[in-house]
Every structure is written in structure tokens, then in C-alpha cells.
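Asks: I have a structure here, written as C-alpha cells, and I will follow up with some questions on it.
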Amino acid sequence: MHEIVSSVKRDYIADLARQGKRIDTRTLDQFREISIEVGPVKSAQGSALVKIGKTQVMAGVKVERAEPFADKPDSGMLIVNAELLPLASPTFEPGRPGENAIELARVVDRGIRESDAIDLEKLVIKSGEDVWAVFIDIYVLDHDGNLIDASALAAMAALLNAKPLEDEAWTLPEFPIQKKPVAVTVVKINDRLVVDPCVDEEGVMDARITIATIEDGSICAMQKGGIGCFSREELEQAHELARVKGAELRAKLG
Amino acid sequence: MHEIVSSVKRDYIADLARQGKRIDTRTLDQFREISIEVGPVKSAQGSALVKIGKTQVMAGVKVERAEPFADKPDSGMLIVNAELLPLASPTFEPGRPGENAIELARVVDRGIRESDAIDLEKLVIKSGEDVWAVFIDIYVLDHDGNLIDASALAAMAALLNAKPLEDEAWTLPEFPIQKKPVAVTVVKINDRLVVDPCVDEEGVMDARITIATIEDGSICAMQKGGIGCFSREELEQAHELARVKGAELRAKLG
Amino acid sequence: MHEIVSSVKRDYIADLARQGKRIDTRTLDQFREISIEVGPVKSAQGSALVKIGKTQVMAGVKVERAEPFADKPDSGMLIVNAELLPLASPTFEPGRPGENAIELARVVDRGIRESDAIDLEKLVIKSGEDVWAVFIDIYVLDHDGNLIDASALAAMAALLNAKPLEDEAWTLPEFPIQKKPVAVTVVKINDRLVVDPCVDEEGVMDARITIATIEDGSICAMQKGGIGCFSREELEQAHELARVKGAELRAKLG
Amino acid sequence: MEKPEKLIVDGKRLDGRAPDELRPLKIEAGILKRADGSASVELGANKVLAAVYGPREMHPRHLQQPDTAVLRCRYNMAPFSVDERKRPGPDRRSVEISKVTREALEPVLFLELYPRSAIDVFIEVLQADAGTRTAGITAATVALADAGVPMRDMISSVAVGKIDDTIVLDLTKAEDNWGTTDMPIAMMPRKKLITLLQMDGHFTKEEFEQALDLAFKGCEQIYGAQRQALREKYAIKKGE
Amino acid sequence: MEKPEKLIVDGKRLDGRAPDELRPLKIEAGILKRADGSASVELGANKVLAAVYGPREMHPRHLQQPDTAVLRCRYNMAPFSVDERKRPGPDRRSVEISKVTREALEPVLFLELYPRSAIDVFIEVLQADAGTRTAGITAATVALADAGVPMRDMISSVAVGKIDDTIVLDLTKAEDNWGTTDMPIAMMPRKKLITLLQMDGHFTKEEFEQALDLAFKGCEQIYGAQRQALREKYAIKKGE
Amino acid sequence: MEKPEKLIVDGKRLDGRAPDELRPLKIEAGILKRADGSASVELGANKVLAAVYGPREMHPRHLQQPDTAVLRCRYNMAPFSVDERKRPGPDRRSVEISKVTREALEPVLFLELYPRSAIDVFIEVLQADAGTRTAGITAATVALADAGVPMRDMISSVAVGKIDDTIVLDLTKAEDNWGTTDMPIAMMPRKKLITLLQMDGHFTKEEFEQALDLAFKGCEQIYGAQRQALREKYAIKKGE
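Structure representation (C-alpha cells):
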């Protein structure tokens, strides 16, 4: 997912970071402009198009009847899938999801699942036999960095946009959403912590940590990535950034 | 599907075409010798081996019980599959069907499906639950050009050869065949329209158009292929060729 | 499965064979030290770790309910799968089983199946609807030659170790094992027949023949491999070796 | 949705259009940052994106052609673009559409200018309501122009068909499902040369000719919208 | 079909053959235009084709061997060749048969003559009635000869087995299903060297030796038919 | 197994451990002949093997990097390692674990020393009881050392979590299933730098800090056992 950056630009970005600056004049703890368009796709039960700067991610929610897992007879199902579409970046290739797309989907999945964002128990039609399966398909359209935060935001916005099904087995008045988890990814560049990296910053970073939080600032999921490492103090700073920035992102969900 | 032809041969074939001639002395609107052997494979419900010149294509029909598509509860199923076997050409490779094999199968499928050649409604055992699925497997054994016409002819001959199943759920006295669609492919070489191209002619052609017709000469399916283009007049000429030549091919089906 | 051996070592091994000797001082009809650890894996119904010299193969038995094959309504099912794990040899690559892994699994399968080692008829819960499927997974951990014999031995030891399921549908007091087939592989090196080849000997051999026998010395399965050939006399000698050595191996099963 | 008794009542189609009328059409060029060229097409309820990468070095290398670029096209539908969720990944239909799309576009490209290169066209259907392959070709052409790939002519594409024995332009999904005939077509609008033609259903000779008439007319309109989209992109750029 | 009480009655098998009798056998060489060599074998109800391409340049290149050609074999069954339609594509059985087929043929080839090359053998089963792998090897050998690939000897192949405690030649599917033992074998008919041997079922030492006797006899007949097919092809060619 | 009412009773967990207590741990180095380095880890009911091949020539070649070695990791579970047989082959979970394992190990390696090479780490879970990814990383590190691959520091790995509102070390499967939070972690034990961190469940800020405390303590113990295993291997070798 991390693209090659020329060594001149690499040094430039790293030097800026040391000075607390960035190539697009943001501060280290500043997100790019964020927009959320809800409901752009009518063929989905719910959908959203999220832009963070030039990064564009669409998410669509579809609901289907399914047999529940044997060990979870009284729970609906959540399936998150992500596609790094080849139109989104010269480095994405057609074909089955690779490890980056799988990790992206699984990190978004865990944020939603572990916070109980969806009340899956309400999605049971008949215990052990028939439940609703909620598919969230994440479609990365333009990759200018920070895909995890954009994808998590798009997924949550699409869920909040989701309308009850027109199906006689669907008896809920609305989609049973009970939490709004939000993911914030913090990257480490030249020993400085930076939020919302653009694609060039990702090419320079040592490591990243994604922290998903819920309304009260507590953590529901984390994922470290990249081939660098974090000290304990850095992790604690990252959590603080995730708490503060997460609240900003959550406010955009309405 | 189109093989590389040396530039000398390419020029020779193109020059001949301009003069209305062909490398095997045929006229532009003349097919090679056609033979249809019906029933060569006893393990199939119906089968046929079609030869057009040196091109050999076998088709086999198998029938199995299946659950109908949810949106077509009162219809049997038609599945056409084509294999460009690696023994048929030095350019065919083992493995899953590529785009040429898939296109071949889908063009044959459309000719049969869209003409209602099989009365699929008669293949219902129990509405919405249990129907007959008709598999037509097209097996290309020797590729000397014009595989679409040979395959469509083999598929239709195999269907006409198909015998009722020995199964208590099969209540029809015979296979419900009601039309005989036939495909004719016209290729454009050096601005001349030519039927039944051999493999070298295919290597030289600009584009091809396949037109499937039924008994009354009306069209049930078309497919343009190749990286050239057709003018409107050429399409109309091609349709006339398809009508006339299609009647000749249909006569061979008996 | 056969690895490249330097030409010096190749000549050395071949010369030794002609003199009736081997690189590790064994006689031509001598196995390396054999150990069988039963029950190393508690998550399996039965398991075994077999070492023949430095070769290590683990086998695990799992039992699941399944629908029987349509043509065998009154028989449980046996499924043998083998993985040539990439940790076992520099020549093994991750990915789906290749022809060597498939052949290994199928040869072990035939020895067990054709000797009726498992009384599959006892594994029927309800005729035509519900039977027990016995999965034997062969896991090659360290490849120092003679994988077939080690795998067959591990599979049989795991079956003998298998405990009745804790499931109300499982009514047998014990696993219905009724025979102990054992495979012995004989390779031909420089026209001499040799048992239990190490990996270097396999790299030098002309051909191999695996002969699985049961208690009375009769044959239940055979498989020739490699690109050499055997004379009739060699086959008969190989059978005699398989009978004698097979009895030794079977004694280790207890 | 049940099949309606008639698809055309008083000369109007289910959505109120005349037989020779296109659905509302919106084309935008240059909508993606990373792609070398891009475009979106909205045609009625269809939403389609196209992106172009290249000419760029061909990978894997053994597919390089010493005397020409290779055009590669991928048509793909989003799982949420249709009523029943579509499993991700290519199916037989999308493999065929990718092939005919490539053959529809290639005649206007000068591939011989870029030996050993690849030109990649990626088409994504976000919302589908019949006509996605033609909308994809229309979008891909604008994306190719946006990428600065030289072309002999544009390619404009639309479907025509037959419903209730009437030849109509630009079928909706309902019309495609319950109608008789669907004929997607693509052409060079200036030279009037046809580069894509598929058809299934039933046409007499006369109907086929009527359908071609209507297709030429429809592609003319598509062509106008393509040019307009590129002009707007260019004007904005100049004004920036 | 129900299992019959006996598979041999009055010394005759279900299809009337004696225990040591082959099914009707027909071999034709050179039946395909495009292949470098080809052959068909009909043995009872089996219909098998084999084609040879090569020696030709090996693709992909990283599989080239600097000092030898590589023999590649693919055994494949048509979906319609068996009672229940077989899904296209290789399964575990066909992968194994492809492997032992290659190992059965390779001992008679001079692969070292064609470094960096591939010799491809494709076997297609059009109709199956037990014995398809041996019929495939028999056909492939004729196809190799037809392609002009130099060989040390032919390879002739047939199955033997045990039904009703009798050793028999060339089992049908019914005999294979209800019999005790099946042993496909392939050999160089002149040198009497065995290049393929598989067996499943039950053989005592004595039965194994009897089975080998019968296999040698059967392969002798196969060999005669292979030579005859090549002679006919050659004679026709000369007469053309 | 039914969910128990409580996972901690009188300060003891279901298996009798204190909250900050590791399961019985056994590490062995150099247990495989063919691998360049290998190790086994038994942690409670987990049994995990790791093998290292390399630095060796990278295949396929187009993946070679001119200025560095490439580390490749594969985490895989045996079909018989879990209660319900696992289908062989990678699933999404194992693909993700393979990725984070690679990212956990790579920070201590000097890959730039071996341009164009590959270092392959294969982890096989033979028996699973929660904590297999951390046991795999712990084993892989010992296997890398056994292979003689130079390292800046070791990597020691363990999981911490929350059950019954208590922060605990090294969760069992029962604790993972019925507990609230699982946080696998890996670190350089000398430099106290974290190279793997995943978490799902629920942590307040204070709980997160407590969990980190416990993780540092647990990794210290793991580190001791890793060094001990290598010392034993080395001592035996010297004594041989």
C-alpha cells in the first residue's frame, strides 16, 4: 500500500516533520478537508462516499438472508470486504484482494464488530436458522493516503444511511445502529507523530498505528502496521490523538 | 484466438481477397466442406462431431436436475461451456477458459437461448424447486478457423440428437426443441467480406461479425469481434450473407 | 519431490550401491531408525508423529458428519490430504498441493481404502443421508526422503490412536479399524534395489515402486514412480522386500 | 417488480420517455487524482467510472510487444451496484464485456506509437440500470482523451432495442428484462464506423435497419456530451 | 445398474469375452491437422484422443532446462465422457494420472536432444469405460511417433485385474467397480521394461505373477495395433 | 463447552493461573534438519513450529530487490489444530497474521545486507489454544537466530487482555472467547520497542496502560525462555 517516494522528496518530508511541518502546510495533528456524501448509490441499502483530501472511498451496505454460524445461532452476520480498485492507484492491480486489502477490511470490521456498532442480535429472524447478513463493501476509488480512516468513516456513514429492507421478514423500523466507532491512524515520520498521512507521507513513514474509539474515547480496536516500531510513550500519545481527532470525525457523521 | 501469420502470407491473402479469391480456391461466400456426425458419444444424452474443413468441434449434451434461478422459477436451465483444448492448436493453453473460450460459449448460448431453440418451460419438474438443467459442452478438437460457426452447429446438432432421459421424473417423449438457430461469421479482409475463414484468414482479418439467424431469416444474436470496424453497408451485406449461408447450414441439420 | 544432487555425490552414491553399500553405512535392505509418537495433538481425534531417520511426518485424524456419496449410501467416507509444507524442504513451496502432494495423498489413501483398514460401513448414521467422514491430514514437517512410507505409517498410527467421538450420534465403542496396511518403497539405484531412501538417494534413483501390504503379506496397493523402469524380476524382488520390511514396520504399530 | 402489461403506453415509455429519447446524461472528465485520465458517466440510474493508466511500462514483462502498446480493459461491477449483491471478482459476463470493450476502443488508438507499453482502462460500475457496458465505453473514451492518449476519433456508445414491437433508444433494466431485443453498439461518431455490436433477441431485417438508424442518432448525442465534458474540463483548467 | 451376482459365468465375462481377451481395439494415427502428431484409440466403449506438440520452445521461459527438453503431459476427461457430467478442469485424479503418464512415457524419449524445449502431450477422454489412462498412454505413444519424436521403443499399456477370483485382461467399468483388483500397466514391448504400474485391491504373490503374465500378453497385442496404425498412416501418406 | 459464570474466581483463572501468570512454556531450537533454522514453541496447549530458509536466492526473480533482501512470512494452521477441521490453505485471517508477523520481525533484521535475496519464515500451528500468532513470532525469532541471521535484538511476543474486568496475561481460548479484550503484542525486549500491536474489544485509557505494563512483563519472561532455548542448543552443539 505504501508507494515509493523519491529520495529527495523523502528527505524533504522527513525534515519538515522534524520541524513540525508538512508538505501541504498542515500541522502534524491536522486532517485534510473531509466530506461525506450519504446515499449516492440507490441499489445499496445504504451507501456513502467519503473524501479526505483527494482520497475517495465509497462504501455500500447490502443485506441478505443467511444461515447463522453454528456457534452464534442468535446473531446476525457482519461481512466486510474491501477492494483496492486498480483505478485508484498505479500500484493497485486487478485480482483477488491481497494482504493490504484484507488487512484494511479486517481492521474496519473489528472497529464495527468490537464496539457492537450494529446490534446483531436484532438481526435474527429465526434462531439458528435464518438471520440477516450485513455486507459492507468498501470500494477505494482514489488513493491519496489514509485509506483506513476514510474506509472506516465510509463504512460507518453507509451504515447510518442504511434504510430498512422492503421484505416481509424485516420487522425492524430502522437499522439497529448503537455506536459510532471511528478510526484514526497515526504515522511516525522522523520520530514525529502525524495524523491523516497523504500518500507521499505514507511512503516515508516508519510505522503506523490505527486506533478506533467510540463515543466515550475508549478504544475498541487497534492495529499497528509498517516495518518500524513504537515506544510506549508514542503509543500513549497516539491514543490521545486518536481520541481527540476521532471526536472530530464522529461529529461529521451527524 | 487469432494466430500470427507471416507478413508474406498476410499480404498474399489480402491481395487475393481484393481480387475476390482465397488461398484454398474458394469464393468469398463459400464454406468449406461440412460434415456432421451425430451421436458419437454414448455417455452424453446427445452429441455431435462437426467438421468444417479441417476444423473439428464436438458437442455433448448432459441433463441434470437442479434448483431453478430464483427469478425464473418456471424455466429449465441452459448452461453452455466451451473448452479450447490445448490439443486443438499450438496457441491454446491448458487452464481455465480464457476470454476467447468464454466469448465462444456465450455467443453460442445466446443464439440458442434468444431463439427459444429449447422450450425451457417444458423442463420444469416442480415450479421453483426442481427443474432440468441442460449442459452443452463444446469441445474444440482441431482449430482451423471459424470456431463459432462450427461450435454453434455442433451444439444444435447435439441438441437435435438428444434423447429423453431414462429417469422417472423425465416425462417428455422427446427433447423440446422448437427452433434451429445457426450462426454465420463474416470476416472483413482488405475491405472484402468473406465467410467461413480458415485460421490463416482469421490471422489477417480486420474484424468479424457473427450473425445467428432462425428459419425465417430473422436475427436472434449478433457479435462483432476483432479490432477493426464495420460500416453500416458492410453490416447489411453481412446480414444477407448470414441469411443465405445460414439456410445452407441449417439444411445440414436435417 | 526429488532434489538435485551434485554429480560427484551422484556418482558416489551410485558406486556405493553397486557394492551393496550406502552413504550412511546401512545395508540396501535396512531402514533408518523409526519412532512413532502417538497422540501428540489433542485437537485431533487421533494423531501420530512418525520419524524415519530425520524425516518427520505428522498425521491427524478428524471426523465430521457428512452426506454420503450418492453411489455409496451405506458407507462412511475417507478423505486423505497431504501437505508438503514449505518448512520441510527448500524445494517445497507454499500453495495448493502439487502433483507430488496429490500423489502422496492418493497412494496413502489407496493403501488404507483398498485393504478395508477402516470398516466404513460402521460409520453410517443414517443410510443415504448422514455418515461419518474420516479426514486424515498428512503434514510433512521435515523431508529427508521416503515420505510415502513415513506418511502411510503416520496415517495408520493416527487411525489406531483415534478415540471415539464425544457426540451422541457416535455409537461405536471404538474406531472400527480392521487391518493395518503398511507401505514399503523400493528404489532402484544403479540397478540395485534399495529400501527407505534418504533424500540424496532419491535424487539419484532411476525409479521407485511402493508396495502396500497387509498382515498376510498380500498386496493392497502399488505405485511406480520416477522416470526409470523395472524389469519383471525387479518387481518380484521388490514385492519380497515389501513383504519382509512391511512386517517390521507393522510391528512398530503395536 | 411485476412485469407490466405494456412497456409503451400512448407513445411513452415507463419512465415517460419517447422511443427515441436518451435518459438524462451527465459526463465529467478528470474526476480522479491518481489516474492519468478519468471520467464519470451518469446515464439515468447508471453510475460508471473509468480510469486510464498509461501508456506505461508493461508488467509482467513477458507480455510486452516489441512493436506496439497493448491495450488492456477491465469492466467490473461493484457488489452493491445491483439489487442482489454481486460477489466480487470477474464472472463470465464481465470477462466478455472487457473483451468487447477493448475491441471497441482499440480501433481509434495509435498503439504502435508506444512499443513495449501498456495502456490500462479500468471501468467500474457503481450503480447499474442496463446499458452499463456502453456507458463504460463512453466513459473510457473520455478518460483516454483526459489522459492525453492520441485518438483517430472518439468512440460513442449506446444501446438500442425492441420493446412492445417498437424500436427504442437506451433501454432501462425493466425494458431490457421484459423487452424483446437489446443491441449495444459503439461507433466512431465522425467516421460512422461501428466498433462494437452485440445483439440478442429478435430482429427482422427491417427492424435491424431501424435500430441502426436510432443507434446512429443516439451516438451523435453521446458524442456531443463527451465533447462538452472535455471542453468543461479544459476550460476549468485554463481558468484555474 | 445393479451389481450382478457373478461377473464371470461359464468362463465368459459380462460382455462375452474370455478372461484373457482384449476389447475391440481401433487405433488411428494423424487424425488432427494442427497438432504435430496425433492419434485416437477406441478400446471397447473408450474413446481417447492424444496430441503432441513439440519439441517446441518452452514457455514460460523460467521452466526451460538448459540440458534437456521437458515432457509435459495432461490427461483430461470431457464433461460428457462419464455418466454424471464431470466439471471441467483438473481434479486430483487427473493430476495423478497426468504425472504417472509422463513417467510412463519419458523413459523412451531422448529428451537430452532438445535442450530448452518442451514436448507437450495432451490426452482427451471423450468417452470413458475403464482403462482410459492406459488407452491414453497407448494413444500418446502413437502420437509421439506420428510427430516424429525419436523413441527408444514404443510404450504399450493396458490394465489387468481380478474379478470373481479370476485374473482378467482389460477391465470394463462394471468389472472395475464390482471386481476386486485393478492394475494398470505400461511397458516397452520389445525390452519388456515396465514404466507404469499402479494397483489397488488385493493380490496374493501368485495372483500378482499371473497378472503380470497377462499384462505382458495384452501389451503385445496393443503393440501390434500401434504398429499397424502407424503403418497405415505411412502407407496412406506414401500413396497420397 | 458452556460459558462459565465467571472467568476469575478468588483471583484464580479457569486453569488456576494468577492474572499475571504465563502458561507453561517450552521452547526448543534447531528441531528440523532441512531448514536453515527452526524452533518449536509450546505455550499451554499451543504447539507451534517455525522454520527459516535463507538468506537465499529470491524466486521468482522479478520479486528480487536490488538493494535489500525481502522477508516473507507465512502463518498457517494445520487442519487438525482446531476443534472443527480447518480447510487447508490461506484464509483472510492467516493472510493478515502473516502480514503483521512480517512487520513484527522485520525491524530487527539487517535485510540490506543481502540484496536480491529472500528470507522465508514459515510458521505452522499444530495445536491451537489462543495466542498462536504471538507464539509463532516467538518461535520465528528463535528460528532466525538458529539460522544465523543477524538481528539487532530479539522479538518476544505475548497476548494480554481483559476478562471479568481484570487485565490478564496470556489468554486461553476460553478466555479469548468469553473475555472482553484481546491484545497481542510483540516487542524488542531490550530496547522496549513495540513491533506488533493489535487489539479488539474494549479498553479505557487506564486499562490500556495496565495492559501495556503486563505485556512488558510477559515479554520479559518470553525473552528469557528464548535465550535459554538458544543456549541449550548451543551447549549441546558444543558438547557433541
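Residue numbers (our numbering), protein chains in the order written: chain A, 1 to 254; chain B, 1 to 254; chain C, 1 to 254; chain D, 1 to 240; chain E, 1 to 240; chain F, 1 to 240. All C-beta atoms, glycine included, are put in the ideal place defined by N, C-alpha and C.
For the beta strand (DSSP E) that glycine 76 of chain B lies in, which residues bound it at each end?
Replies: Looking up residue 76 of chain B in the second sequence gives position 76. Unbroken run through glycine 76 of chain B: none, as it is neither H nor E.
Asks: Exposed or buried, what is lysine 3 of chain F when buried is set at 16 or more other beta-carbons lying within 10 Å of its beta-carbon?
Replies: Within the sixth sequence, the letter at position 3 stands for residue 3 of chain F. Lysine 3 of chain F is exposed by the Cβ-count criterion.
Asks: If the cut is a Cβ gap below 9 Å, which residues of chain E does arginine 96 of chain B touch?
Replies: Mapped onto the second sequence, residue 96 of chain B falls at position 96. Neighbours of arginine 96 of chain B on chain E, chain order: Pro88, Gly89.
Asks: Name, please, each residue of chain D whose Cβ falls closer than 7 Å to the Cβ of serine 218 of chain B.
Replies: Position 218 of the second sequence, counted from the start, is the residue given in the question as residue 218 of chain B. Per Cβ cutoff of 7 Å: His202, Phe203, Thr204.
Asks: From the DSSP output, in three-state form, read off histidine 143 of chain B for me.
Replies: Counting from 1 along the second sequence, the entry for residue 143 of chain B is found at position 143. In this structure, histidine 143 of chain B counts as coil in the three-state DSSP scheme.
Asks: With respect to the beta strand (DSSP E) encompassing asparagine 46 of chain E, which residues constitute its N-terminal and C-terminal limits?
Replies: As a first step, residue 46 of chain E must be located in the fifth sequence, where it is residue number 46. Note, asparagine 46 of chain E: beta strand (DSSP E), 46-57.
Asks: Considering only C-alpha positions, which residue in the set E:Gly201, E:Val41, E:Leu49 is nearest to glutamate 175 of chain E?
Replies: What you label residue 175 of chain E is simply residue 175 of the fifth sequence in a count that begins at 1. The shortest Cα separation from glutamate 175 of chain E among E:Gly201, E:Val41, E:Leu49 belongs to E:Gly201.
Asks: Where does leucine 113 of chain E fall in DSSP's three states?
Replies: Reading the fifth sequence from its first residue, position 113 is the one you call residue 113 of chain E. Helix at leucine 113 of chain E.
Asks: In chain order, which continuous runs of the beta strand (DSSP E) of length 3 or greater are located wholly inside the segment 8-83 of chain A?
Replies: Runs of the beta strand (DSSP E) inside the segment 8-83 of chain A: 34-38, 46-52, 55-66.
Asks: Does the distance from the C-beta atom of lysine 21 of chain C to that of isoleucine 34 of chain C stay below 8 Å?
Replies: Position 21 of the third sequence holds residue 21 of chain C. Position 34 of the third sequence holds residue 34 of chain C. Cβ atoms of lysine 21 of chain C and isoleucine 34 of chain C: not closer than 8 Å.
Asks: Run down chain B in chain order and give the residues with a C-beta less than 9 Å from the C-beta of arginine 93 of chain E.
Replies: For the purposes of this step, residue 93 of chain E is taken as the residue at position 93 of the fifth sequence. Chain B residues near arginine 93 of chain E: none, gap ~16 Å exceeds 9 Å.
Asks: Is it a yes or a no for the segment 94-104 of chain A touching the segment 49-57 of chain D, going by three-plus beta-carbon pairs under 8 Å?
Replies: No, because fewer than three Cβ pairs between the segment 94-104 of chain A and the segment 49-57 of chain D fall closer than 8 Å, the two stretches do not touch.
Asks: Within 8 Å (strictly less), CB to CB, does aspartate 109 of chain B reach chain E?
Replies: Working through the second sequence from its first residue, we reach residue 109 of chain B at position 109. For aspartate 109 of chain B, the answer is no, since every Cβ of chain E falls outside 8 Å of its Cβ.
Asks: Any chance you could list the beta strand (DSSP E) runs of at least 3 consecutive residues sitting entirely within the segment 172-242 of chain C, in chain order?
Replies: As far as the segment 172-242 of chain C is concerned, its whole beta strand (DSSP E) runs of at least 3 residues are 182-189, 192-195, 207-213, 219-225.
Asks: Taking only beta carbons into account, state which residues of the segment 132-145 of chain B come closer than 8 Å to chain D, listed in chain order.
Replies: Hits within the stretch: zero.
Asks: My output table needs one value for valine 82 of chain E: the three-state DSSP class, helix, strand or coil.
Replies: Here residue 82 of chain E refers to the residue found at position 82 when the fifth sequence is read from its first residue. Three-state DSSP puts valine 82 of chain E in coil, outside helix and strand.
Asks: Strictly below 9 Å CB to CB, what residues from chain F border serine 231 of chain A?
Replies: Reading the first sequence from its first residue, position 231 is the one you call residue 231 of chain A. Within chain F, the residues near serine 231 of chain A are Lys191, Lys192, Leu193, Ile194.
Asks: Just how far apart, CA to CA, sit proline 40 of chain C and leucine 49 of chain C?
Replies: As a working note, residue 40 of chain C is residue 40 in the third sequence. As a working note, residue 49 of chain C is residue 49 in the third sequence. Rounded to the nearest angstrom, the two C-alpha atoms are 7 Å apart.
Asks: Give the residues of chain D in contact with alanine 155 of chain B, contact being defined as C-beta atoms less than 7 Å apart.
Replies: Reading the second sequence from its first residue, position 155 is the one you call residue 155 of chain B. Under the 7 Å cutoff, chain D gives no residues; its nearest Cβ is about 16 Å from alanine 155 of chain B.
Asks: Within 10 angstroms of its Cβ, does lysine 188 of chain A collect 16 or more other Cβ (buried), or is it exposed?
Replies: The residue you call residue 188 of chain A lines up with position 188 of the first sequence. So lysine 188 of chain A counts as buried.
Asks: List the residues of chain B that glutamate 42 of chain E touches, going by C-beta distances under 9 Å, in chain order.
Replies: Residue 42 of chain E sits at position 42 when you count from the first residue of the fifth sequence. What glutamate 42 of chain E touches in chain B: nothing, since even the nearest Cβ is about 10 Å away.
Asks: Three or more C-beta pairs closer than 8 Å, one from the segment 1-13 of chain C and one from the segment 168-175 of chain C: is that the case here?
Replies: Taking 8 Å as the limit for Cβ pairs, the verdict is that the segment 168-175 of chain C does not touch the segment 1-13 of chain C.
Asks: Return the first residue and the last residue of the alpha helix (DSSP H) that serine 127 of chain C is part of.
Replies: As a working mapping, residue 127 of chain C is identified with position 127 in the third sequence. Serine 127 of chain C -> no alpha helix (DSSP H), and no H or E assigned at all.
Asks: Would aspartate 164 of chain D and leucine 7 of chain D qualify as a contact pair, given that the criterion is a beta-carbon distance under 8 Å?
Replies: As a first step, residue 164 of chain D must be located in the fourth sequence, where it is residue number 164. As a first step, residue 7 of chain D must be located in the fourth sequence, where it is residue number 7. Yes, the Cβ-Cβ distance between aspartate 164 of chain D and leucine 7 of chain D is below 8 Å.
Asks: Any idea what DSSP makes of arginine 92 of chain D, helix, strand or coil?
Replies: Counting from 1 along the fourth sequence, the entry for residue 92 of chain D is found at position 92. It is helical.
Asks: Taking the C-alpha atoms as reference points, what is the distance between lysine 162 of chain F and serine 115 of chain A?
Replies: On the sixth sequence, position 162 is the one that residue 162 of chain F refers to. On the first sequence, position 115 is the one that residue 115 of chain A refers to. Going by the C-alpha atoms only, they are around 15 Å apart.
Asks: Does the distance from the CB of isoleucine 219 of chain C to the CB of leucine 235 of chain C come in under 8 Å?
Replies: To locate residue 219 of chain C, count along the third sequence from 1; it is residue 219. To locate residue 235 of chain C, count along the third sequence from 1; it is residue 235. Cβ atoms of isoleucine 219 of chain C and leucine 235 of chain C: not closer than 8 Å.
Asks: Leaving out the 5 sequence neighbours to the left and right, which residues in its chain are closer than 7 Å to alanine 147 of chain F when beta-carbon positions are compared?
Replies: As a working note, residue 147 of chain F is residue 147 in the sixth sequence. Within the same chain, alanine 147 of chain F has close Cβ partners Asp36, Gly37, Val52.
Asks: In angstroms with no decimal places, state the Cα-to-Cα distance between alanine 145 of chain F and valine 204 of chain C.
Replies: Position 145 of the sixth sequence, counted from the start, is the residue given in the question as residue 145 of chain F. Position 204 of the third sequence, counted from the start, is the residue given in the question as residue 204 of chain C. So the alpha carbons of these two residues sit roughly 33 Å apart.
Asks: Out of C:Lys180, C:Ser231, C:His239, C:Ile227, point me to the one whose CA is closest to alanine 251 of chain C's CA.
Replies: Within the third sequence, the letter at position 251 stands for residue 251 of chain C. The option with the nearest alpha carbon to alanine 251 of chain C is C:Lys180.
Asks: Checking 8 Å against the spacing of the C-beta atoms, do valine 121 of chain D and alanine 50 of chain D come in under that value?
Replies: Locating residue 121 of chain D in the fourth sequence gives position 121, counting from the first residue. Locating residue 50 of chain D in the fourth sequence gives position 50, counting from the first residue. Yes, the Cβ-Cβ distance between valine 121 of chain D and alanine 50 of chain D is below 8 Å.
Asks: Taking CB distances under 8 Å as the criterion, tell me whether methionine 77 of chain B reaches chain D.
Replies: The residue you call residue 77 of chain B lines up with position 77 of the second sequence. No, no contact with chain D.
Asks: Tell me the start and end of each unbroken beta strand (DSSP E) in the segment 153-209 of chain F that is at least 3 residues and wholly inside, in chain order.
Replies: Whole beta strand (DSSP E) segments, 3+ residues: 156-163, 166-169, 181-188, 193-203.
Asks: Evaluate histidine 62 of chain E with the Cβ neighbour count: other Cβ atoms within 10 Å of its Cβ, from every protein chain shown; 16 or more gives buried, anything less gives exposed.
Replies: Indexing the fifth sequence from 1 puts residue 62 of chain E at position 62. Exposed, by the Cβ-count rule.
Asks: Are the C-beta atoms of glutamate 202 of chain A and some chain D residue less than 8 Å apart?
Replies: Walking along the first sequence from the start, residue 202 of chain A turns up at place 202. Not one chain D Cβ lies under 8 Å of glutamate 202 of chain A.
Asks: Identify the contact partners of aspartate 83 of chain D in chain A, using a Cβ-Cβ distance below 8 Å as the criterion.
Replies: As a position in the fourth sequence, residue 83 of chain D is number 83, starting the count at 1. Result: Ser43.
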